[in-house]
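Keeping their order, the protein sequence lines are chains G and D.
Quick note: the first sequence, position 13, residue 22 per our numbering, numbers continuous.
Quick note: the second sequence, position 90, residue 99 per our numbering, numbers continuous.
Ideal placement from N, C-alpha and C gives every residue a C-beta, glycine not left out.
All figures in this text were calculated on a predicted structure; none of them were measured in a lab.
2 protein chains.
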Amino acid sequence: MAHRPIPEPFQRDRHDHQECVSSAVEAAHELCVRRRIRLTELRRRVLELVWGGHAPIGAYDILDTLRGERRSAAPATVYRALDFLLENGLVHRIESLNAFVGCGAPRQAHSGQFLICRACDTVAEIDDGEIAGVLSRNAAKLGFRVDRQTVELTGLCPACADAAG
Amino acid sequence: MAHRPIPEPFQRDRHDHQECVSSAVEAAHELCVRRRIRLTELRRRVLELVWGGHAPIGAYDILDTLRGERRSAAPATVYRALDFLLENGLVHRIESLNAFVGCGAPRQAHSGQFLICRACDTVAEIDDGEIAGVLSRNAAKLGFRVDRQTVELTGLCPACADAAG
DNA sequence: TGTATTTTGTTATGTTATAACATACTATGT
DNA sequence: ACATAGTATGTTATAACATAACAAAATACA
Ligand SMILES: [Zn+2]
Ligand SMILES: [Zn+2]
Ligand SMILES: [Zn+2]
Ligand SMILES: [Zn+2]
Chain G
10 MAHRPIPEPF QRDRHDHQEC VSSAVEAAHE LCVRRRIRLT ELRRRVLELV WGGHAPIGAY
70 DILDTLRGER RSAAPATVYR ALDFLLENGL VHRIESLNAF VGCGAPRQAH SGQFLICRAC
130 DTVAEIDDGE IAGVLSRNAA KLGFRVDRQT VELTGLCPAC ADAAG
Chain D
10 MAHRPIPEPF QRDRHDHQEC VSSAVEAAHE LCVRRRIRLT ELRRRVLELV WGGHAPIGAY
70 DILDTLRGER RSAAPATVYR ALDFLLENGL VHRIESLNAF VGCGAPRQAH SGQFLICRAC
130 DTVAEIDDGE IAGVLSRNAA KLGFRVDRQT VELTGLCPAC ADAAG
């Protein structure tokens, strides 16, 4: 366990990313077994491609890779797989980038908050109860009932902030 | 001054929307004079169209209207005007909808937070220092330096929440 | 007036996402 | 094993959103 609570994605030069991918696939597998839904070969593969790194990836970038492996691949192929993964909380969509990232702690119906480094493109998901709480509470004060929170913070990750001074 | 702090957009059945539009245009005019930038006829008109209501409007919906008035209108016409308005904080982009809303309190470089009613499509911008503070602070704890905050809360506005029970 | 700068016109293209219907696969009960 | 219902994928077409590149016009200002 690291001493400082820097999110793992921002440790990118130091971590074993294959481990990220395989544990994400394993977690997805277990979640699908538990829910009696099917992590098909296509869906598993799209999940792996989303987990190609900790940077968000576009649907058409996924498609480009997939086409080399499966000649029938088309936009709908990718979007259907992504829809499945999104519905089941296995990936998240980054609205401000029209792109997708893997979820490191998959479970149903969570929004998370995203820290997006504009220098290295790394995205870290945090799941900060204080943030979620303030948002729901302050919206509720105005009579607004929140279903879904989109929180995307763009800036510089620790390493890139250091480099920029 | 209303007693309860319900954002004006959620008072939509009770407020004089022409007043919203004209005060937005006037505020834009003053801001442009102050900054010595040009609120051209085109830009003013696009601002008015964005202020057609308190629901977000897509660039191509703006274009459809504009075409009836200016035969040269094309996508670039609209996107260039929107870029100008965005840069100057006169409109905001709702990332989760690929659409735009007018800013009720224009000033440079602010992100705001948006409450988006999924039933009536009304969007209210709030500018909540507590929210902005908690986001910056909690990101900073992880060594992340925030440049820009995207906060979009989808749910039910007071009226629609009442109606839904 | 001449010249630089900004704005708009114009045409083409790039990028992201969905619709609609056909075919194939999987699970389940008999 | 077979029928069948439900789920997943293949396939083709199109919708929706956004930018590039260069020409012409308008504006600022010396
Ligand atoms: Zn990793
Ligand atoms: Zn997550
Ligand atoms: Zn109004
Ligand atoms: Zn604003």
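Beta-bridge pairing by DSSP links V160/D to V160/G.
Under the DSSP definition of a beta bridge, A108/G partners with I103/G.
Cα atoms of G98/G and S120/G: separation of roughly 9 Å, rounded to the nearest angstrom. The secondary-structure analysis by DSSP pairs V155/G across a beta bridge with G164/D. Here DSSP, grouped into helix, strand and coil, assigns L48/G to coil.
The three-state reading of DSSP puts E134/G in strand, counting E and B together.
For the segment 128-143 of chain D, the set of residues with a beta-carbon nearer than 8 Å to any beta-carbon of chain G comprises A133, I135, D137, E139, I140 and V143, in chain order. Among the CB atoms of chain D, one or more fall inside 8 Å of the CB of C166/G. Distance from the CA of I135/G to the CA of A85/D, rounded to the nearest whole angstrom, comes to 37 Å.
Between the segment 157-171 of chain G and the segment 123-130 of chain G there are three or more inter-stretch CB-CB distances shorter than 8 Å, so the stretches are counted as touching. With 16 or more other CB atoms across the displayed protein chains lying within 10 angstroms of its CB, T131/D is buried. In terms of CA proximity to G174/D, R154/G leads the group A170/G, T159/G and R154/G. Against chain D, a Cβ distance below 9 Å from D156/G picks out R127, L162, T163, G164 and L165.
In this structure the segment 47-64 of chain G lies against the segment 28-35 of chain G, because at least three pairs of beta carbons, one per stretch, are closer than 8 Å.
Residue side-chain check: P115/G places its Cβ nearer than 7 Å to a non-hydrogen atom of ligand 2.
The Cβ atoms of A64/G and L75/G lie no closer than 8 Å to each other. About 6 Å separates the CB atoms of F93/G and R52/G; that is less than 8 Å, so the two are in contact. Following the DSSP letters along the chain, one finds I66/D in no alpha helix (DSSP H), marked with neither H nor E.
Inclusion of Q122/D and I103/D in the CB contact set at 8 Å is not warranted, their separation being larger than that value. Sequence-ordered contacts of the segment 98-119 of chain D with chain G read E104 and S105 [C-beta pairs closer than 7 Å]. Against chain D, the CB of A68/G has no partner CB under 8 Å away; the residue lies outside that interface. Put simply, the backbone Cα of Y88/G is about 18 Å away from that of I46/G.
Straight-line spacing of the CA atoms in D156/D and L48/G works out to 38 Å.
Annotation: the continuous alpha helix (DSSP H) that includes F93/D extends over P84 to E96. Of the candidates Q27/G, C112/G, A148/G and A133/G, the residue whose Cα lies closest to the Cα of L91/G is C112/G.
Between the C-alpha atoms of L95/G and S105/G there is a straight-line separation of about 16 Å. Ligand 3 has no heavy atom closer than 7 Å to the beta-carbon of H119/D. Residue side-chain check: G98/G places its Cβ nearer than 7 Å to a non-hydrogen atom of ligand 2.
For G152/G, at least one C-beta of chain D is nearer than 8 Å to its own C-beta. When L144/G, A133/G and G138/G are compared, the shortest CA-CA separation from D137/D is found for L144/G. Sequence-distant partners of G61/D (beyond 5 residues in either direction) whose C-beta falls short of 6 Å from its own C-beta are missing from its chain. Not one heavy atom of ligand 4 is found less than 7 Å from the C-beta of E139/D. Nearest to A118/D by alpha-carbon distance, out of H101/D, G152/D and A133/D, is H101/D.
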